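Numbering (our numbering), first residue to last: 6 to 66.
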């Protein structure tokens, strides 16, 4: 038996892109410009969250 899967894309974040961007800036300031392995993982997660929080443009290709 096949089960239906939702095709709705859920946002990774409830925060705005501006809020996530502030956290990214704070991470860079705390690191002094050089990210540790753990900080790079956090940065990667934050950038993904930031991108998902950006408004989707109807004309984007």
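Virtual Cβ for every residue (Gly too), placed ideally from N, Cα, C. Treat the numbers as computed from the prediction; the structure is a model and nothing was measured.
**OP:** Would you mind sorting residue 55 into buried or exposed? The rule is 16 or more other CB atoms within 10 Å of its CB.
**Re:** Result: buried.
Subject >> Coil, strand or helix - residue 53 by DSSP >> reply: In the three-state reduction of the DSSP assignment, residue 53 falls in the helix class.
**OP:** Go through its chain and collect everything with a Cβ distance to residue 29's Cβ below 6 Å, but skip five positions before and after it.
**Re:** Sequence-distant partners of residue 29 (beyond 5 residues in either direction) whose C-beta falls short of 6 Å from its own C-beta, in its chain, are 51.
**OP:** Reducing DSSP to helix, strand and coil, say where residue 19 ends up.
**Re:** Residue state, collapsed to three classes: coil.
Subject >> Option nearest residue 32 by Cα separation, candidates 44, 22 and 53 >> reply: By alpha-carbon distance to residue 32, the top candidate from 44, 22 and 53 is 44.
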